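Here the structure comes first, spelled out in structure tokens, and everything after it is commentary.
Numbering (the working numbering), first residue to last: 24 to 677.
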């Protein structure tokens, strides 16, 4: 018999209060490791047990990995209908809304997202009067910021004539190439829902549950409000864990939620069950230095162990990489933990890759997960675009990229001739090029583009043959066997497994299924599972993960906090403090099993070339840079152990 939603729940607990709450609007503020996922499952179980149609329950979260985890957890509830609950990211939901044929016809926009590297040829195609490529990129970021913050909706929002012209030309390019910027997907959905209050999407769900609300930007939060305007809504988050200002996250949304949503009920989760007790007290002391917080103190779970906490320092970065690798190697040799139990967090990718290489050299299975690693070089980018055209021959963005890649300005002059002719004749660029090859039309000065297109066609045909005849050859063609291709190759392998047998669904549907899965993974590269290897990633990527053994590498003041010039330094320091708070609370322990280990490591000397590569100011190429441990370590005050030399820890564990 299936357990009841409230079985074993203490009626005085935060989990019970949230699961049982029948208010139309609820705000949950939940600190790290406080059991919000458990409580959310119990709430969904109650709704299902009480007869709620599962198809009318929507659970939204910030990342695809979190959405997959949430979906899995909901399915494991054991209540009939749990597998029919919709759990997804907001971008995925907006993509599916905008992809509906009626909405495409209504808006004239196609929700084909541009990847970062695909933006460059677009910027070259825009008029030179907007400045050089960097100035255009800066102007584009300003528009994306305005969309994310809904500033562009303000009638008084200032726009000069150049801004208006730039925005018009930008949208014309995107419409012509049937594409969208990621930020546009949200703002276009917002406009559709706002301008059509009777549209079916607004009344599609009875209950909307939103996790990690603090990570959403203002436009995303506005879309949630529109989607939930006729339903019950529960938002869950923690402004202490808001770490995505570079994505224009709006932590004020969760702080002000009771004021912007009348009759809002509130539940706080402030007891951390995940982390060792000392980690909780350190984290709570650290984050108390931020102002305008919602939650207050974070309390440890008394039945947890204190944990093994070490704050260590080395002479140089090289010493740190070698020393930390030696510590981990010894830990694995002693069988205290397995590789999948270890999480290493590095402030920059280059440090992460170097410790990965050192671990691998020592025979330790290790893998890096950094945001730019899936398509890390031009070969992989080109192969991805060929794959895109194999799945969708009329993908104009991919074709534009391949026609111009390798040229300093992406052949913008000859491409403009080709594009202008295609628009005038109301035919696609692909069709124009085909007619040129057949000799039916002649456009001056585009011979290079025609020859490039012939080469593209030949490569796509070879790719298709390999795909049909031998999948191994197909994968090798797209992701050649080398270290830089590993992430992309793994994505392709996962996509093939997910899509099924080509003979069952036919080539066209199969290749589109593979591509759709791949493009989502490449577009939103999230943290991965923990099978059989040490995971190495950025502090940002660790959000939502936990591990028995956590190492925070290179915690020096020039990298933690990293302060960008020209921005509000106080705000930056507060966000960097939140990032450090998130990092150390990835460490998990328990009453009876492994107590949990947290190592915070730093060094005092860095080569000038490394300092320059890491973006540290006032660095000289051939002069060592003297650095110090992060100021955040001092903010632990008396809750943390005394810092010691890294070599001292090595001696202790040997």
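Heads up, the beta-carbon is just placed ideally off N, CA and C, and yes, glycines get one too. All figures in this text were calculated on a predicted structure; none of them were measured in a lab.
In chain order, what residues of the same chain have a beta carbon less than 7 angstroms from the beta carbon of residue i, not counting five sequence neighbours either side?
i, result
"residue 525", "533"
"residue 280", "50, 258 and 287"
"residue 655", "309, 583, 600 and 603"
"residue 421", "408, 411 and 412"
"residue 99", "none"
"residue 84", "90, 93, 112, 234 and 235"
"residue 22", "Only positions 24 to 677 of the chain appear in the structure, and residue 22 is not among them; the question remains open."
"residue 294", "57, 322 and 324"
"residue 173", "241, 242 and 245"
"residue 487", "413"
"residue 645", "631"
"residue 597", "313"
"residue 466", "440, 441, 444 and 459"
Might you give, ordered along the chain, the residues of its own chain that have their beta carbon closer than 8 angstroms to the beta carbon of residue i, omitting 5 neighbours on each side?
i, result
"residue 272", "237, 238, 239, 240, 265 and 266"
"residue 190", "166 and 182"
"residue 523", "533 and 536"
"residue 70", "80 and 230"
"residue 208", "114, 117, 118, 121, 134 and 136"
"residue 374", "340, 344, 576, 577 and 637"
"residue 140", "398, 404 and 424"
"residue 29", "39, 42, 43, 65 and 69"
"residue 587", "595"
"residue 278", "262, 315 and 317"
For the beta strand (DSSP E) holding residue i, just list the boundary residues, first then last.
i, result
"residue 524", "Here residue 524 belongs to no beta strand (DSSP E), and DSSP marks it neither H nor E."
"residue 262", "Careful: residue 262 lies outside any beta strand (DSSP E) and carries neither H nor E."
"residue 655", "Segment 654-657 is the alpha helix (DSSP H) holding residue 655; no beta strand (DSSP E) there."
"residue 331", "331-339"
"residue 557", "557-560"
"residue 639", "Careful: residue 639 lies outside any beta strand (DSSP E) and carries neither H nor E."
"residue 365", "365-368"
State the start and end residues of the unbroken alpha helix (DSSP H) segment that holds residue i.
i, result
"residue 472", "470-492"
"residue 51", "Segment 48-53 is the beta strand (DSSP E) holding residue 51; no alpha helix (DSSP H) there."
"residue 277", "275-278"
"residue 672", "669-676"
"residue 289", "No alpha helix (DSSP H) contains residue 289, which is instead part of the beta strand (DSSP E) from 288-292."
"residue 540", "530-546"
"residue 304", "300-310"
"residue 37", "37-43"
"residue 380", "372-384"
Which same chain residues, not among the five before or five after residue i, have their C-beta less than 6 angstroms away from its C-beta?
i, result
"residue 247", "233"
"residue 333", "622 and 672"
"residue 228", "79, 81 and 254"
"residue 521", "540"
"residue 573", "366, 609, 610 and 621"
"residue 371", "637"
"residue 75", "none"
"residue 390", "556"
Less than 8 angstroms between the CB atoms is what I'm expecting for residue i and residue j, so what's the real figure, rounded?
i, j, result
"residue 697", "residue 652", "The displayed coordinates of the chain run from 24 to 677. Any statement about residue 697 would go beyond what the structure contains."
"residue 144", "residue 476", "At roughly 15 angstroms, the Cβ-Cβ gap does not stay under 8 angstroms, so residue 144 and residue 476 are not in contact."
"residue 289", "residue 612", "Actually they do not touch by this definition, with Cβ atoms about 29 angstroms apart."
"residue 440", "residue 55", "56 angstroms between Cβ atoms; not a contact."
"residue 628", "residue 335", "Not really, about 15 angstroms apart at Cβ, beyond 8 angstroms."
"residue 360", "residue 608", "Their Cβ separation, rounded to whole angstroms, is 18 angstroms, which puts residue 360 and residue 608 out of contact at 8 angstroms."
"residue 130", "residue 215", "7 angstroms"
"residue 96", "residue 64", "5 angstroms"
"residue 328", "residue 618", "4 angstroms"
"residue 508", "residue 138", "In fact, because the Cβ distance is near 17 angstroms, the residues do not count as touching under 8 angstroms."
"residue 435", "residue 471", "Not really, about 12 angstroms apart at Cβ, beyond 8 angstroms."
Discussion item. Which complete alpha helix (DSSP H) runs does the stretch 55-93 hold, if anything under 4 residues is left out?
Written reply: 59-72
Fill in: Minimum length 4: unbroken alpha helix (DSSP H) runs contained in the stretch 98-178
113-121, 124-130, 139-148 and 156-171
Worksheet item: What runs of the beta strand (DSSP E), each 3 residues or longer, lie entirely inside the stretch 386-466?
Response: 389-392
Fill in: Continuous alpha helix (DSSP H) assignments of at least 4 residues falling wholly in the stretch 176-244
184-199 and 205-218
Fill in: Cβ contact check for the stretch 302-320 and the stretch 340-355: 3 or more pairs under 8 angstroms
no
Item to complete: Only counting runs of 3 or more residues, tell me where the beta strand (DSSP E) segments fall wholly within the stretch 574-632, in order along the chain.
Response: 620-629
Discussion item. Would the stretch 190-200 count as touching the stretch 129-148 if we require 3 or more Cβ pairs under 8 angstroms?
Written reply: yes
Discussion item. For the stretch 553-567 against the stretch 625-637, do three or more pairs of beta-carbon atoms, one drawn from each stretch, fall closer than 8 angstroms, so that the two count as touching?
Written reply: no
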